[in-house]
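K.L.:
Quick one: the structure is below, questions incoming.
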DNA sequence: CCAATTGTTCAATGACTTTTGAACTAAGGA
DNA sequence: TCCTTAGTTCAAAAGTCATTGAACAATTGG
């Protein structure tokens, strides 16, 4: 029940860039970064897409090596692979997250003022 | 005869990332960065793709705001839009170029030992 | 056990992307 | 003027990607 992840040295720059070049996935990464350290489950991102579609995008992020997913019961706890990404592509993740933070055009997680259980 | 370029504030992060997420285009950007300051014409990149296909990829880079193309006679002189990219997305271009520089899997410009007129 | 919750897989569809060759334009040199 | 050089445009063919709904699996709580 462990999901397939690339090892750090299998992470490919063009694939990471292509995967981040989608507004939904970039919004996921931005939100993960804003809650860094806190593993989030998929349902946190339901503002961004349907459950099915989310599954697709989260798989893309995981397969690219951008995120890690840990299976815990019926949930998948998702975290950014910051350590591995920083090792492979120093500064890349930080600059992407900083730029994404400024981006008004990107879809938002948690705009629906339900920040009860943050 | 001036080609259409986005203004600096029209440059979009997801579009830039998506455009860089293609090995041919990333190789173009890497080569442009390695010759920074020197405007290159399209034919310098013929190692990477056919003339037609290059025209397509160079248009993508230009339309995304990654490169600037100046029409000089029958040539287009291509440069990186480093100033604008650095302003909009600080650190992004540098980290991408550094990471691309390490990437053995990326196609190469000038591998055919014809570095006569570098 | 039953039902709800959490998320995946599958097949289908529509939409974009990449690549190609043939035909073209525009400038420059002989 | 004619030819070459540099690059574009067009339409077609392939391929890839995103999105959907229906069906499925696994865990947890009552």
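Residue numbers (the working numbering), protein chains in the order written: chain L, 1 to 118; chain Y, 119 to 236.
The beta-carbon is built from N, C-alpha and C at its ideal position, and this holds for glycine as well.
#1: Assign residue 114 (chain L) to one of two classes, buried (16 or more other C-beta atoms within 10 Å of its C-beta) or exposed (fewer than that).
#2: Under 8 angstroms: do the stretch 90-97 of chain L and the stretch 191-202 of chain Y share three or more Cβ pairs, one atom per stretch?
#3: Looking at residue 187 (chain Y): is its Cβ nearer than 8 angstroms to the Cβ of residue 137 (chain Y)?
#4: Do the stretch 29-44 of chain L and the stretch 166-174 of chain Y make contact, defined as three or more Cβ pairs closer than 8 angstroms?
#5: Out of L:5, L:7 and L:13, which one is the CA nearest neighbour of residue 90 (chain L)?
#6: In the structure shown, what three-state DSSP assignment does residue 102 (chain L) receive?
#7: In this structure, does DSSP put residue 120 (chain Y) in helix, strand or coil?
#8: Apply the 10 Å Cβ neighbour rule to residue 121 (chain L) and answer buried if 16 or more other Cβ atoms are within range, or exposed otherwise.
#9: I want to see whether chain L comes within less than 8 angstroms of residue 214 (chain Y), judged by CB atoms only; does it?
#10: Can you list, in chain order, the residues of its chain whose CB lies under 8 angstroms from that of residue 225 (chain Y), leaving out five sequence neighbours each side?
#11: Going along the chain, which residues of its own chain have a beta-carbon closer than 8 angstroms to the beta-carbon of residue 205 (chain Y), five neighbours each way excluded?
#12: Taking 8 angstroms as the limit between beta carbons, can you name the residues of its chain near residue 223 (chain Y), skipping five residues before and five after?
#13: List in chain order: all unbroken beta strand (DSSP E) runs of 3+ residues lying wholly within the stretch 64-98 of chain L.
#14: Go through its chain and collect everything with a Cβ distance to residue 147 (chain Y)'s Cβ below 6 angstroms, but skip five positions before and after it.
#15: Can you pull the chain Y residues whose beta carbon is under 9 angstroms from the beta carbon of residue 105 (chain L), in chain order?
#16: Please work out which residues of its chain come closer than 7 angstroms, Cβ to Cβ, to residue 121 (chain Y), disregarding the five sequence neighbours upstream and downstream, and give them in chain order.
#17: Tell me, please, whether the CB atom of residue 22 (chain L) is closer than 8 angstroms to any CB atom in chain Y?
#18: Using a 10 Å radius around the Cβ and a threshold of 16 neighbouring Cβ atoms, would you call residue 155 (chain Y) buried or exposed?
#19: At a Cβ threshold of 8 angstroms, is residue 218 (chain Y) touching chain L?
#20: From the DSSP output, read off the bridge partner residues of residue 41 (chain L).
#21: Determine the chain Y residues that contact residue 91 (chain L) at a beta-carbon separation under 8 angstroms, and present them in chain order.
P.N.:
Walking through what the data contain:
#1: Here residue 114 (chain L) refers to the residue found at position 114 when the first chain is read from its first residue. Residue placement at residue 114 (chain L) cannot be trusted, given a pLDDT of 45 that sits under 50; what the coordinates show is reported in the next sentence. Residue 114 (chain L) comes out exposed.
#2: no
#3: Locating residue 187 (chain Y) in the second chain gives position 69, where the first residue counts as 1. Locating residue 137 (chain Y) in the second chain gives position 19, where the first residue counts as 1. No, the pair does not count as a contact, with Cβ atoms beyond the cut-off.
#4: no
#5: In the first chain, the residue the question calls residue 90 (chain L) occupies position 90. Residue L:13 is the option with its Cα nearest to residue 90 (chain L).
#6: Position 102 of the first chain, counted from the first residue, corresponds to residue 102 (chain L). Coil, per DSSP.
#7: Taking the first residue of the second chain as position 1, residue 120 (chain Y) is located at position 2. Correct three-state label for residue 120 (chain Y): coil.
#8: With chain L represented from 1 up to 118, any question about residue 121 (chain L) goes unanswered, as that position is not in the structure.
#9: Position 96 of the second chain, counting from 1, holds the residue named residue 214 (chain Y). Yes - at least one Cβ of chain L is within 8 angstroms of the one on residue 214 (chain Y).
#10: Residue 225 (chain Y) sits at position 107 when you count from the first residue of the second chain. So the qualifying residues of the chain are 141, 142, 145, 165 and 166.
#11: Residue mapping note: residue 205 (chain Y) aligns to position 87 of the second chain, counting from 1. Cβ neighbours of residue 205 (chain Y) beyond the five flanking positions: 126.
#12: Position 105 of the second chain, counting from 1, holds the residue named residue 223 (chain Y). The residues are 141.
#13: 67-72 and 75-80
#14: Numbered from its first residue, the second chain carries residue 147 (chain Y) at position 29. Around residue 147 (chain Y): no qualifying Cβ.
#15: Residue mapping note: residue 105 (chain L) aligns to position 105 of the first chain, counting from 1. Ordered by position in chain Y, the residues that pass the 9 angstroms Cβ test against residue 105 (chain L) are 130, 131 and 132.
#16: Counted from its first residue, the second chain places residue 121 (chain Y) at position 3. Here the set comprises 180, 187 and 189.
#17: For this step, residue 22 (chain L) is matched to residue 22 along the first chain. Closer than 8 angstroms to some Cβ of chain Y, the Cβ of residue 22 (chain L) qualifies, so yes.
#18: Within the second chain, residue 155 (chain Y) is the residue found at index 37, counting from 1. Label assigned to residue 155 (chain Y): exposed.
#19: Start at 1 with the first residue of the second chain, and residue 218 (chain Y) comes out as number 100. Judged by the 8 angstroms Cβ criterion, residue 218 (chain Y) is in contact with chain L.
#20: Looking up residue 41 (chain L) in the first chain gives position 41. Answer is L:77, bridged to residue 41 (chain L).
#21: Numbered from its first residue, the first chain carries residue 91 (chain L) at position 91. Here the neighbours are 209, 212, 213 and 216.
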